[in-house]
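First up is the structure itself, then whatever we jot down about it.
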Amino acid sequence: MTTPPRHVHGLARTDVDGQPAWALVGEGRLATLTSARITTSEMEALPLDAQEQEALVEHVMDALQWYGAYLRTTPGGAGWLYVQHVPVRRLVAHVVRKLTALSAWEPFRKAPGPLKIAPHEGLVGLRESSSREEYRSYTVTWSGIAYLLGATALYNPFRTAQLNNLQSAHIDTRVPSPPPSAFPRTSVVGLSWSSRHAATLLPVLEDLARSGRTSLLVDLATDPAQCCDTPAVEGIRLVTPPAGLFALSGAVGRLQLWDDEHVVQVGEHVVRLSRLVRLLAVLLETSGGCTQPSWRSVVRLETWLGGVLEASRPHTLLVSNDTSPVGALAVHLADLHGVNTVHVQHGAWTAESVAWPVLHSRDIVVMGDRDASLAKAWARHPDAEVHVLGQPRFDVLAGVGRDAQRQYLEKLLVPGSGRSPDRIMVWACQPFGPDRLKAHADLLLDGMWKAEGEWGLVIAPHPAQSPEVFASLMQRDGRPLVAVADPQVGARGCLAGADVVASAYSTCGIEAALLGVPVLEIGTVDGRTLGLAAHGLARRCTTAGDVADALSASLRPHAASEPASTDAVCRWGGDSAALVARLIVSRASDQFEHLRNEGVTAR
40 MTTPPRHVHG LARTDVDGQP AWALVGEGRL ATLTSARITT SEMEALPLDA
90 QEQEALVEHV MDALQWYGAY LRTTPGGAGW LYVQHVPVRR LVAHVVRKLT
140 ALSAWEPFRK APGPLKIAPH EGLVGLRESS SREEYRSYTV TWSGIAYLLG
190 ATALYNPFRT AQLNNLQSAH IDTRVPSPPP SAFPRTSVVG LSWSSRHAAT
240 LLPVLEDLAR SGRTSLLVDL ATDPAQCCDT PAVEGIRLVT PPAGLFALSG
290 AVGRLQLWDD EHVVQVGEHV VRLSRLVRLL AVLLETSGGC TQPSWRSVVR
340 LETWLGGVLE ASRPHTLLVS NDTSPVGALA VHLADLHGVN TVHVQHGAWT
390 AESVAWPVLH SRDIVVMGDR DASLAKAWAR HPDAEVHVLG QPRFDVLAGV
440 GRDAQRQYLE KLLVPGSGRS PDRIMVWACQ PFGPDRLKAH ADLLLDGMWK
490 AEGEWGLVIA PHPAQSPEVF ASLMQRDGRP LVAVADPQVG ARGCLAGADV
540 VASAYSTCGI EAALLGVPVL EIGTVDGRTL GLAAHGLARR CTTAGDVADA
590 LSASLRPHAA SEPASTDAVC RWGGDSAALV ARLIVSRASD QFEHLRNEGV
640 TAR
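The sequence shown begins at 40 in our numbering and counts up by one.
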């Protein structure tokens, strides 16, 4: 009979032989103690310095790079830390946050000591999130923190029961494409695993097809909601990988390390690097779909995608993400095959918004002038060039049907013949945790209640978000009216019909600003936003009163935005796809000329 996992509820002082010591304890015992104690939820809510956190994360990642970046590599030479950097960095960020929270708690800071592990609790688990199933939010438990600091873990599994019993990410059952050897020669290979990628890249591929240049669009999505539709334009072939490619799990050799003397300092804490690698290996052993693939899936993907490039012999690999695992791997392969890489920014950037501020592609296409400086700072390719060409996904905004979108919003809020509110706000969400989502919802709903006029709210889930998380918001007293948009419609499909668009930092805020729809940037005073308010394209709202004032102001006439302001955020002329296509063709011509001068037949 196995012992059930112990539920850790808090941290308490339990001195040993007169020396300070600390233990992770359950809720029942915590309530009976008189010594210094704190619940884990209180500990994790302590205010911390964001810049200090990021600096410590960078420090730990540098130590991991030095210690073991090439402990495991793909047959093509891509190290595990290069490919899996984004999920690894996110987990390291949780480790750093918990360690600095421990130091920020005054009783521990005054009397630091060893942390006793909770028997039977798993070391790596999942935290609450509103994301869809395959977007897993891993974390290290408090017993995992004790383990990293040197505690003995004789009876602790590496995975929590929740993670151990988790079903594999849904794997799409579409009929796969033929073997790579059957693919024809083509000009461009595009890579997508998100509906946002597809919507960004397809306009470019369609423009290329109209000029006679063929392409393969590789759809790696494992969530049906993120899959590409069959292209309507002849000359674009949709291809998918072998069935089950992203369903592989298993241990990763050479990452199961014995303890050694190598450590990394995180504030006052000393973390054993061998143990950190062991915990990080859990991510690589677990099948997480295309967004967080296991190491076995990465190796198999490299073989398959390498075959695609060898058979099709393109001059360009076109991507919308080259830092997450499959994107980073694809750009690495393209470089090995002498294929130029073009990255088209698919979403908004801020200095704090990316898990890993790195871009691997040679040509980087950004939306606006303010993105160019970030791209230049993040570029890793030795010959990288940045091009401000706008966003192909936004080309269609010029012809968007505002009346049809308004009718959709009204039908959502009042089905049938009921009367709709005078004014409608669309909330473009991000997949935050439940507490943060509720705080944003309360901010908006309380502000709407206080504002002039009668308002309704349409919640537009993020493409990576499960709409079920909003069910509790629908149980209010009926005022203001609230409805949830179809995830397939999303904010992009209804924001033109809104009177106001609200978001923390959704790219949809940029689209709304381009269309002249008032934008509210919501969240706490120190919360991250797109910074549209700094360009006069949004109003910053941190209280319900701010929301009420902004909504009331939107009822009155307002001046149109200056072109210079919108251009800084996004160059918008309806021709971004054509400009990106022209860049691709130009690079191909340069490559052909170079090969001819070298006496080599162009591919």
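Glycine included, each C-beta is placed from N, C-alpha and C at the ideal position.
(request) Report the rounded CA-to-CA distance for Arg-579 versus Val-540, giving the unit in angstroms. (result) Arg-579 and Val-540: Cα-Cα distance of roughly 12 Å.
(request) Can you give me the Cβ contacts of Val-337 inside the same chain, cut-off strictly under 7 Å, excluding the 5 residues immediately before and after it? (result) Thr-113, Val-122, Pro-364 and Leu-368.
(request) Determine the burial state of Leu-534: buried for a count of at least 16 other Cβ atoms within 10 Å of its Cβ, exposed for fewer. (result) It counts as buried.
(message) Rounded to the nearest angstrom, what separates Ala-51 and Leu-95 at their Cα positions?
(response) In this structure, the straight-line span from the alpha carbon of Ala-51 to that of Leu-95 is close to 26 Å.
(request) Check whether the Cβ atoms of Trp-494 and Pro-473 lie closer than 9 Å to each other. (result) no
(message) Would the stretch 212-232 count as touching the stretch 475-495 if we require 3 or more Cβ pairs under 8 Å?
(response) The answer is no - the stretch 475-495 does not touch the stretch 212-232, with fewer than three Cβ pairs under 8 Å.
(request) Tell me whether Ile-549 sits in a helix, a strand or coil according to DSSP, three-state version. (result) helix
(request) Under 8 Å by Cβ, that's how I've got Ala-499 and Ala-530 pegged, so tell me the actual separation to the nearest angstrom. (result) 4 Å
(request) Would you mind giving the Cβ-Cβ distance between Tyr-675 and Gly-536, rounded to the nearest angstrom? I have them listed as a contact below 8 Å. (result) Past the boundaries of the shown model lies residue 675; the chain is included only from 40 to 642, so the question cannot be answered.
(request) Starting from the Cα of Val-257, find the closest Cα among Asp-268, Arg-249, Leu-247 and Gln-469 and give me that residue. (result) Asp-268
(request) Sort His-385, Gly-532, Asn-203 and Lys-149 by Cα distance to Arg-164 and report the nearest one. (result) It should be noted that the sequence gives Gly, not Arg, for residue 164. That would be Asn-203, whose Cα lies nearest to the Cα of Gly-164.
(request) For my contact list, Val-99 and Val-131 are in at a C-beta cut-off of 8 Å; report their separation, rounded to the angstrom. (result) About 5 Å; that satisfies the 8 Å criterion.
(request) Put Met-82 into one of helix, strand or coil per three-state DSSP. (result) helix
(request) Output yes if chain B places a C-beta closer than 9 Å to the C-beta of Ala-271; else output no. (result) The question asks about chain B, but that chain is absent: this structure has only one protein chain.
(request) List the DSSP bridge partners of Gln-58. (result) Val-55
(request) Mind the definition here: the stretch 277-295 touches the stretch 252-266 only if three or more C-beta pairs lie below 8 Å; say whether that holds. (result) yes
(request) Use the C-beta contact count for Asp-538: other C-beta atoms within 10 angstroms, 16 or more gives buried, fewer gives exposed. (result) By the 10 Å Cβ count, Asp-538 comes out buried.
(request) Would you tell me roughly how many angstroms separate the C-alpha atoms of Tyr-544 and Gln-58, rounded to the nearest one? (result) Going by the C-alpha atoms only, they are around 48 Å apart.
(request) State buried or exposed for Gly-638, treating a residue as buried only when at least 16 other CB atoms are found within 10 Å of its CB. (result) Note on Gly-638: pLDDT 44, under 50, position unreliable in the model; the coordinate value appears next. It is exposed - the Cβ of Gly-638 has fewer than 16 other Cβ atoms within 10 Å.
(request) Report all residues from its chain with a CB closer than 7 Å to the CB of Ser-326; omit the five preceding and five following residues, and keep chain order. (result) Same-chain partners within the cutoff: Ser-207, Ala-208, Phe-285, Ala-286, Leu-287, Ser-288, Ser-333 and Ser-336.
(request) Assign Val-639 to one of three DSSP states: helix, strand, or coil. (result) Bear in mind that the predicted position of Val-639 carries a pLDDT of just 39, short of 50, making it too unreliable to give a figure here.
(request) Spatial neighbours of Val-127 within its chain, please: CB distance less than 6 Å, with the 5 preceding and 5 following residues excluded, ordered by chain position. (result) Leu-319
(message) At the level of alpha carbons, what is the spacing between Ala-577 and Lys-450?
(response) 27 Å
(message) Looking only at its chain, what residues have a beta carbon closer than 6 Å to the beta carbon of Pro-557, apart from the 5 residues adjacent to it on each side?
(response) Val-539 and Ser-593
(request) Could you pull the start and end residues of the alpha helix (DSSP H) that Thr-330 belongs to? (result) Taken as a continuous stretch (DSSP letters only), Thr-330 belongs to no alpha helix (DSSP H), as it is neither H nor E.
(request) Please state if the CB of Pro-502 and the CB of Ser-80 are separated by a distance shorter than 9 Å. (result) no
(message) What would DSSP say about Val-397, mapped onto helix, strand or coil?
(response) coil
(request) Within the same chain, show all residues whose beta-carbon is closer than 7 Å to that of Gly-570, passing over the 5 residues directly before and after it, in chain order. (result) Thr-389
(request) Under 8 Å Cβ to Cβ from Thr-41, same chain only, skipping five residues before and after it: list those, please. (result) Confidence is the limiting factor: at Thr-41 the pLDDT is only 38, short of 50, which leaves the residue's position unreliable and the question unanswerable from this model.
(request) Determine the contact status of His-236 and Val-179, defining contact as a CB-CB distance below 9 Å. (result) no
(request) Just tell me which of Arg-432, Val-316 and Arg-567 has its CA closest to the CA of Gln-104. (result) Val-316
(request) Let me know the secondary structure DSSP gives Leu-294 once reduced to three states. (result) coil
(message) So, with DSSP's three-state summary, where would you put Arg-643?
(response) Within the shown structure, residues of the chain are numbered from 40 to 642, placing residue 643 beyond reach of any answer.
(request) For my contact list, Thr-355 and Val-227 are in at a C-beta cut-off of 8 Å; report their separation, rounded to the angstrom. (result) Cβ atoms of Thr-355 and Val-227 come within 8 Å of each other, at about 5 Å.
(request) Taking only the alpha-carbon atoms, compute the straight-line gap between Val-291 and Phe-197 and give it to the nearest angstrom. (result) Rounded to whole angstroms, the separation of the alpha carbons of Phe-197 and Val-291 is 14 Å.
(message) Going by beta-carbon coordinates alone, are Ala-62 and Phe-147 separated by less than 9 Å?
(response) no
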